[in-house]
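Chains as they are written, first to last, in the numbering used here: chain A, 1 to 143; chain B, 1 to 137.
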Amino acid sequence: MYINLNSVPWHAVGGGLMIGSAVALLLLFNGRIAGISGIVGGLYRMQKGDIGWRVTFILGLILSVVIWKFFFVLPEIAIETNYTMLALAGFLVGYGTRLGSGCTSGHGVCGISRRSPRSIAATIVFMLAGFMTVYLIRHVFTF
Amino acid sequence: MINFMALLSGVVFGLGIILSGMVNPAIVLAFLDITGNWDSSLLWVMGGAVAVGFIAFALAKKRTNSYLGLSMQIPAVTKIDSRLLLGSLVFGVGWGIAGICPGPAVVLAGTGSTDALVFLIAMLLGMNIYQNQQGRG
Numbered sequence: 001m002y003i004n005l006n007s008v009p010w011h012a013v014g015g016g017l018m019i020g021s022a023v024a025l026l027l028l029f030n031g032r033i034a035g036i037s038g039i040v041g042g043l044y045r046m047q048k049g050d051i052g053w054r055v056t057f058i059l060g061l062i063l064s065v066v067i068w069k070f071f072f073v074l075p076e077i078a079i080e081t082n083y084t085m086l087a088l089a090g091f092l093v094g095y096g097t098r099l100g101s102g103c104t105s106g107h108g109v110c111g112i113s114r115r116s117p118r119s120i121a122a123t124i125v126f127m128l129a130g131f132m133t134v135y136l137i138r139h140v141f142t143f
Numbered sequence: 001m002i003n004f005m006a007l008l009s010g011v012v013f014g015l016g017i018i019l020s021g022m023v024n025p026a027i028v029l030a031f032l033d034i035t036g037n038w039d040s041s042l043l044w045v046m047g048g049a050v051a052v053g054f055i056a057f058a059l060a061k062k063r064t065n066s067y068l069g070l071s072m073q074i075p076a077v078t079k080i081d082s083r084l085l086l087g088s089l090v091f092g093v094g095w096g097i098a099g100i101c102p103g104p105a106v107v108l109a110g111t112g113s114t115d116a117l118v119f120l121i122a123m124l125l126g127m128n129i130y131q132n133q134q135g136r137g
């Protein structure tokens, strides 16, 4: 297969390498899977000794925005979904990732990295569901 | 140290989300829009992340403890059950509506976006309802 190097979105590859590095850090130092829905969702269990690292990881995610803005300008962010649909989407993402034990990071990145058939199955399902949903919203129910 | 490494991992993860463009739901939706003006970015992000992740998990498999002496908590479940599939389906539909998944949701909320806050609060509520059901079950 021939890939034209000029057509490779290098910032996407670079960002991916950084996400992989974050996964490596949390795995090799803390022995944990960097799955965001699992890290956030695990807070609800309120288990003693299992809260601090979850909170600092989440703070790190937020802090990254501050660090980025110190050096660069944030990239363009376009959210065209209205509040009602955002709330519905958020609810489905929250409930679904907990029921399915993972999201794009836990199943998608970590699961595929460790070649877990379970995570690969989950990733295929949520990708297909995403394709289908966008297709219906953008190309079928275009009121 | 444990909390610091988690903080560092979160920062690097977040910077990766911003650099990759995945912080912008429009780019994620363009990836999911396979019959529209398709954007392949997300695949390149996954490729880059998995390339590093693959090495990390290969190293982790040889160890019983992490560098900080904690036990390696790698999921042992292998069963592909209805919960996994149904949950992933529900997640995928939500992801397709807004183009936001949990990682970018937190980062976006960090930018102060009201839209992201609405999404994040609803996401936390969804997680909470799931947790309450578990408690009863």
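By construction, the Cβ of each residue, glycine as well, lies at the ideal position given by its N, Cα and C atoms.
- Message: Between B:Ala76 and chain A, is any beta-carbon pair separated by less than 8 Å?
- Response: Cβ-Cβ to chain A under 8 Å: no for B:Ala76.
- Task: Identify each residue in the stretch 22-41 of chain B for which the Cβ-Cβ distance to at least one residue of chain D is less than 8 Å, and report them in chain order.
- Result: Looking for chain D here will not work: the only protein chains present are A and B.
- Message: Buried or exposed, going by whether 16 or more other CB atoms sit within 10 Å of the CB of A:Gly49?
- Response: exposed
- Cβ-based neighbour list, A:Ile39, same chain, cut-off 6 Å, excluding 5 preceding and 5 following: Arg54, Phe57
- Item | Sufficient close CB pairs (3 or more, under 8 Å) joining the stretch 16-25 of chain A to the stretch 49-63 of chain B | yes
- Over the uninterrupted alpha helix (DSSP H) stretch that includes B:Trp38, give me the two end residues. It is not in any alpha helix (DSSP H) - B:Trp38 carries neither H nor E in the DSSP assignment.
- Query: Hey, which unbroken runs of the alpha helix (DSSP H) at 4 residues or more fall wholly within the stretch 62-96 of chain A?
  - Reply: none
- Is any beta-carbon of chain B found at less than 8 Å from that of A:Leu5? So no, A:Leu5 is outside the interface.
- Query: Who does B:Asn65 pair with in a DSSP beta bridge?
  - Reply: B:Ser71
- Own chain partners of B:Gly21 with C-beta closer than 6 Å, once the 5 adjacent residues on each side are dropped: Within the same chain, B:Gly21 has close Cβ partners Ile27, Ser41.
- Task: For the alpha helix (DSSP H) holding A:Ala122, just list the boundary residues, first then last.
- Result: 117-135
- Query: Given that a residue counts as buried once 16 or more other Cβ atoms are within 10 Å of its Cβ, and exposed if not, what is A:Pro117?
  - Reply: Here A:Pro117 is exposed: its Cβ has fewer than 16 other Cβ atoms, across all protein chains shown, within 10 Å.
- Task: Consider the Cβ of A:Val73: report whether some Cβ of chain B lies at a distance smaller than 8 Å.
- Result: no
- Query: Which residues of chain B have a Cβ atom closer than 7 Å to the Cβ of A:Val134, listed in chain order?
  - Reply: Leu29, Leu32, Asp33, Gly96, listed in chain order.
- Alpha carbon to alpha carbon, how far is B:Ala76 from A:Asn30? 17 Å
- Measure from the C-beta of A:Thr56 to each C-beta in chain B and report whether the shortest distance is under 8 Å. yes
- Query: When you compare each of A:Ala24, A:Ile112, A:Ile124, A:Ala12 to B:Leu59 by their alpha carbons, which one comes out closest?
  - Reply: A:Ala24
- Query: Under a three-way DSSP split, which group does B:Val118 fall into?
  - Reply: helix
- Query: Is the beta carbon of B:Met72 less than 8 Å from the beta carbon of B:Thr64?
  - Reply: Judged by their CB atoms, B:Met72 and B:Thr64 are nearer to each other than the 8 Å cut-off.
- Run of the alpha helix (DSSP H) containing A:Gly15, from where it starts to where it stops: 10-30
- Can you have a look at A:Trp68 and say buried or exposed, based on whether 16 or more other CB atoms are within 10 angstroms of its CB? buried
- What do you reckon, are the CB atoms on A:Ser37 and A:Gly90 nearer than 8 Å? Inclusion of A:Ser37 and A:Gly90 in the CB contact set at 8 Å is not warranted, their separation being larger than that value.
- Task: Just the chain B side, please: which residues come within less than 7 Å of A:Val140 by C-beta, in chain order?
- Result: Chain-order list of chain B residues neighbouring A:Val140: empty, with the shortest C-beta distance near 10 Å, by a criterion of under 7 Å.
- Message: In this structure, how does DSSP classify A:Val109 when only helix, strand and coil are distinguished?
- Response: helix
- Is B:Trp95 closer than 8 Å to A:Phe126 when the C-beta atoms are compared? It is a contact, given that the beta carbons lie within the stated cut-off.
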